[in-house]
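S.K.: Everything in the sequence shown is counted per UniProt numbering, starting at 1 for the first residue and increasing by one.
Just so you know, even glycine gets a beta-carbon here, dropped at the ideal spot from N, CA and C.
What you are looking at is a predicted structure, and each value in this text was computed from that prediction instead of being measured.
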Amino acid sequence: MLPANYFRAMPGAKRKPLQILIMTTSPPLKPPSCAVSTLQPSRASVLPPQNDSVLHRAPSKGIKAPKWHLTSPLRADTKIRLGYGASINSSELLGRRVLDVLNDSSGRPVTLHEPTLASYIINSPRQATPIYPHHANTIVSLLDLNLSRPGEEEYDTDPNHPTEPFEIFEAGTGMGSLTLHLARALHAANPAVPPSLRNTLCTARYRTDGFGLDLADEDQAALDSYRSSRRAVLHTLDRNVKHSRAAHKLIRHFRRSLYFPTIDFHVGSIDEYISSRLAETDNRPFLSHAILDLPSAHDHASQVIQALHPNGLLVIFTPSISQIAEFQTWVARTGQPMRPERVIELEVSTTADGVLDSGGGKEWDVKTVIPRENPEGAAVQVMRPKVGERVTGGGFVAVLRRWPVDRIRSQIESSTQESPSEVEPEFEDGVVCEAEGTVEAEPAKTE
Numbered sequence: 001m002l003p004a005n006y007f008r009a010m011p012g013a014k015r016k017p018l019q020i021l022i023m024t025t026s027p028p029l030k031p032p033s034c035a036v037s038t039l040q041p042s043r044a045s046v047l048p049p050q051n052d053s054v055l056h057r058a059p060s061k062g063i064k065a066p067k068w069h070l071t072s073p074l075r076a077d078t079k080i081r082l083g084y085g086a087s088i089n090s091s092e093l094l095g096r097r098v099l100d101v102l103n104d105s106s107g108r109p110v111t112l113h114e115p116t117l118a119s120y121i122i123n124s125p126r127q128a129t130p131i132y133p134h135h136a137n138t139i140v141s142l143l144d145l146n147l148s149r150p151g152e153e154e155y156d157t158d159p160n161h162p163t164e165p166f167e168i169f170e171a172g173t174g175m176g177s178l179t180l181h182l183a184r185a186l187h188a189a190n191p192a193v194p195p196s197l198r199n200t201l202c203t204a205r206y207r208t209d210g211f212g213l214d215l216a217d218e219d220q221a222a223l224d225s226y227r228s229s230r231r232a233v234l235h236t237l238d239r240n241v242k243h244s245r246a247a248h249k250l251i252r253h254f255r256r257s258l259y260f261p262t263i264d265f266h267v268g269s270i271d272e273y274i275s276s277r278l279a280e281t282d283n284r285p286f287l288s289h290a291i292l293d294l295p296s297a298h299d300h301a302s303q304v305i306q307a308l309h310p311n312g313l314l315v316i317f318t319p320s321i322s323q324i325a326e327f328q329t330w331v332a333r334t335g336q337p338m339r340p341e342r343v344i345e346l347e348v349s350t351t352a353d354g355v356l357d358s359g360g361g362k363e364w365d366v367k368t369v370i371p372r373e374n375p376e377g378a379a380v381q382v383m384r385p386k387v388g389e390r391v392t393g394g395g396f397v398a399v400l401r402r403w404p405v406d407r408i409r410s411q412i413e414s415s416t417q418e419s420p421s422e423v424e425p426e427f428e429d430g431v432v433c434e435a436e437g438t439v440e441a442e443p444a445k446t447e
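#1: Would you call the CB atoms of L142 and V399 closer than 7 Å?
#2: Between which two residues does the alpha helix (DSSP H) harbouring T116 extend?
#3: Below 6 Å CB to CB, which residues in the same chain sit around H298 once its five sequence neighbours on both sides are set aside?
#4: Across the region 102-113 and the region 129-141, are there enough close Cβ pairs to call them in contact, namely three or more that are closer than 8 Å?
#5: Straight-line CA distance for I274 to L94?
#6: Run through the DSSP bridge pairs and tell me what residue 489 is partnered with.
#7: How should W364 be labelled, buried or exposed, when 16 other C-beta atoms within 10 angstroms of its C-beta is the threshold for buried?
#8: Buried or exposed for A188, please, with buried defined as at least 16 other CB atoms from any protein chain shown within 10 angstroms of its CB.
#9: Which value, in whole angstroms, describes the spacing of the CA atoms of R342 and V315?
#10: Hey, G395 and T281 are a contact pair by Cβ (cut 8 Å); roughly how many whole angstroms apart?
#11: Can at least three beta-carbon pairs, one atom from the region 163-180 and one from the region 281-295, be found at a separation below 8 Å?
#12: Given that a residue counts as buried once 16 or more other Cβ atoms are within 10 Å of its Cβ, and exposed if not, what is P337?
#13: My output table needs one value for T200: the three-state DSSP class, helix, strand or coil.
#14: In terms of alpha-carbon separation, which member of T200, G377 and I305 lies closest to R401?
#15: What residue does the alpha helix (DSSP H) around S225 start on, and which one ends it?
#16: Thinking C-beta only, is L215 closer than 7 Å to A232?
#17: Please state whether the Cβ-Cβ distance between S90 and L74 is less than 7 Å.
#18: Can you give the Cα-Cα distance for L197 and L237, rounded to whole angstroms?
#19: Would the beta-carbon of H300 fall within 7 Å of that of D264?
#20: Hey, is the region 238-247 in contact with the region 170-186, meaning 3+ C-beta pairs nearer than 8 Å?
#21: Closer than 8 Å by C-beta to T368: which residues in its own chain qualify, once you throw out the five before and the five after it? Chain order, please.
#22: Between which two residues does the alpha helix (DSSP H) carrying T179 extend?
#23: Kindly list the residues whose CB is nearer than 8 Å to the CB of L117, restricted to its own chain and excluding five residues on each side of it in sequence; keep chain order.
#24: Anyone know if the C-beta pair for S257 and L201 falls short of 7 Å?
#25: Please determine, among L294, L346, I122 and G312, the residue with the shortest C-alpha to C-alpha distance to P340.
#26: Which two residues bound the contiguous alpha helix (DSSP H) that contains H243?
#27: Based on the DSSP secondary-structure assignment, which residues constitute the bridge partners of H309?
#28: Run through the DSSP bridge pairs and tell me what A171 is partnered with.
#29: For P191 versus P150, is the C-beta distance shorter than 7 Å?
#30: How big is the Cα-Cα spacing for G309 and I121?
#31: Would the beta-carbon of L294 fall within 7 Å of that of A171?
Given below as structure tokens:
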């Protein structure tokens, strides 16, 4: 039999803290009496103590299913408030493993879990409406990001042919949900962050006189050096300082700043940022892809399109299909070098009581029970959809591809040679609609 403190952190050991879930259940549960493995616990099963948040599941009065709550990052010698009057000392979590059970101050059993990215986002406080995780995953998949790891390409080791970083621009940081999903997709393309720098990013305080972390000179130099070595960068911009600060904090606190160094946060207008970057590159494109999550996207898209590399994708996220149509009309009218590829509707999903996150799809209740009217009878299976307590998600996404200006110009000139009689109007529900391709396009602008 192994000692009770077998899985506690050994002195001097450096284990990376993880986000964990604390799930409380009622009535109390007894820990399972199973044999303890003599193997060393995997890193994924250990819950180190500091610099990460805790998510717990607490019973609520009058509600059958308990709810999940996310705490602030763990600090030594602090208490975790569980939201129903009870608490747990952070020191009690030292060296614990995933699915360990311990009691809170009121005697309720608490089960430890590691939160998913989706559960972290859904249960975090928010300053803006999030792009829900299942929609963020869809948008990331539309970009088809397939970046190699450092050292996998021959040009990675050729100092005479330095490569430009793969840059994505996101306008409308909001809560930071899509930002975090994009950063996760780019993360593996960048070199490893030194552990000392990552620990500094986790523990540093925020500046009181500006936006960002208050770092010592040597730490700031180390961060600047790492940023210059990145192979993939996500630029996220929001004009609302409060939204950007909240997203900065959200991403920094996830998995001990795991994806934080991949992102550059900006506050201000799209035109100012893109103009300054184009001035640095002599008006040469520098963006691989761009996402616009804001109202009237066409009012800000011109310079973003100019900054896109040919073959780059522009993703527009809007709550209504008419905004997508308005954007495509603007593209045709102004002769932008963009070609629409697809428009999709994001499905609305429902969230039921006790569901951990909004991961998409319809939740079902599948369980084996003994009927109350026949306690001595055989067990039966129950299979039914859960009743949602709220609707989440929805909206529309348009994907457009950047084309070389001369290719778009030649296509426009050939299309304007069509006779008007060759294009007939379409009739839908008694309303005359313009057929596709009948919008006249102005000559393309020279970039």
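M.R.: Let me lay it out:
#1: Counting from one through the sequence shown, the residue named residue 142 turns up at place 142. Counting from one through the sequence shown, the residue named residue 399 turns up at place 399. Yes.
#2: Mapped onto the sequence shown, residue 116 falls at position 116. No alpha helix (DSSP H) contains T116, which DSSP labels as neither H nor E.
#3: As a position in the sequence shown, residue 298 is number 298, starting the count at 1. Excluding sequence neighbours, H298 sits near F327 and W330.
#4: no
#5: Sequence index remark: in the sequence shown, residue 274 carries index 274 (1-based). Sequence index remark: in the sequence shown, residue 94 carries index 94 (1-based). Approximately 47 Å between the Cα atoms of the pair.
#6: Nothing about residue 489 can be read from this structure; the chain reaches only from 1 to 447.
#7: Here the question's residue 364 lines up with position 364 in the sequence shown. Classification for W364: exposed.
#8: Translated into the one-based positions of the sequence shown, residue 188 becomes position 188. Looking at its Cβ environment, which holds fewer than 16 other Cβ atoms inside 10 Å, A188 is exposed.
#9: If you number the sequence shown from 1, residue 342 lands on position 342. If you number the sequence shown from 1, residue 315 lands on position 315. Answer to the nearest angstrom: the Cα atoms are 10 Å apart.
#10: One-based indexing of the sequence shown puts residue 395 at position 395. One-based indexing of the sequence shown puts residue 281 at position 281. Not really, about 33 Å apart at Cβ, beyond 8 Å.
#11: yes
#12: Counted from its first residue, the sequence shown places residue 337 at position 337. So P337 ends up on the buried side.
#13: Against the sequence shown, residue 200 aligns to sequence position 200. Reduced to three states, the DSSP call for T200 is helix.
#14: By 1-based counting over the sequence shown, the position of residue 401 is 401. Residue I305 is the option with its Cα nearest to R401.
#15: Stepping through the sequence shown from its first residue, residue 225 is reached at position 225. Its alpha helix (DSSP H) spans residues D217 to S228.
#16: Locating residue 232 in the sequence shown gives position 232, counting from the first residue. Locating residue 215 in the sequence shown gives position 215, counting from the first residue. It is not a contact, given that the beta carbons lie outside the stated cut-off.
#17: Here residue 90 refers to the residue found at position 90 of the sequence shown. Here residue 74 refers to the residue found at position 74 of the sequence shown. Contact: yes.
#18: Against the sequence shown, residue 197 aligns to sequence position 197. Against the sequence shown, residue 237 aligns to sequence position 237. Each residue's alpha carbon lies about 24 Å from the other.
#19: The residue given as residue 300 occupies position 300 in the sequence shown. The residue given as residue 264 occupies position 264 in the sequence shown. Not a contact, by the Cβ cut-off of 7 Å.
#20: yes
#21: In the sequence shown, the residue the question calls residue 368 occupies position 368. Excluding positions up to five away in sequence, the list reads A379, V380, Q381 and V382.
#22: For the purposes of this step, residue 179 is taken as residue 179 along the sequence shown, with counting starting at 1. That run of the alpha helix (DSSP H) goes S177 to L186.
#23: In the sequence shown, residue 117 corresponds to position 117, counting from 1. So the qualifying residues of the chain are P133, L180, H181, R184 and F254.
#24: Here residue 257 is taken as the residue at index 257 of the sequence shown, counted from 1. Here residue 201 is taken as the residue at index 201 of the sequence shown, counted from 1. Cβ atoms of S257 and L201: closer than 7 Å.
#25: Counting from one through the sequence shown, the residue named residue 340 turns up at place 340. Checking every option, the nearest Cα to that of P340 belongs to G312.
#26: In the sequence shown, residue 243 corresponds to position 243, counting from 1. Element bounds for H243: V241 to R252.
#27: Within the sequence shown, residue 309 is the residue found at index 309, counting from 1. According to DSSP, which records beta bridges pairwise, H309 is partnered with nothing at all.
#28: In the sequence shown, the residue the question calls residue 171 occupies position 171. DSSP lists L237 and L292 as partners of A171.
#29: For the purposes of this step, residue 191 is identified with residue 191 of the sequence shown, where counting begins at 1. For the purposes of this step, residue 150 is identified with residue 150 of the sequence shown, where counting begins at 1. Yes, the pair counts as a contact, with Cβ atoms nearer than the cut-off.
#30: By 1-based counting over the sequence shown, the position of residue 309 is 309. By 1-based counting over the sequence shown, the position of residue 121 is 121. It is worth fixing the name first, because residue 309 is His in this sequence and not Gly. Distance between the alpha carbons of H309 and I121 is about 31 Å.
#31: Here the question's residue 294 lines up with position 294 in the sequence shown. Here the question's residue 171 lines up with position 171 in the sequence shown. In this structure, A171 lies closer than 7 Å to L294 by Cβ.
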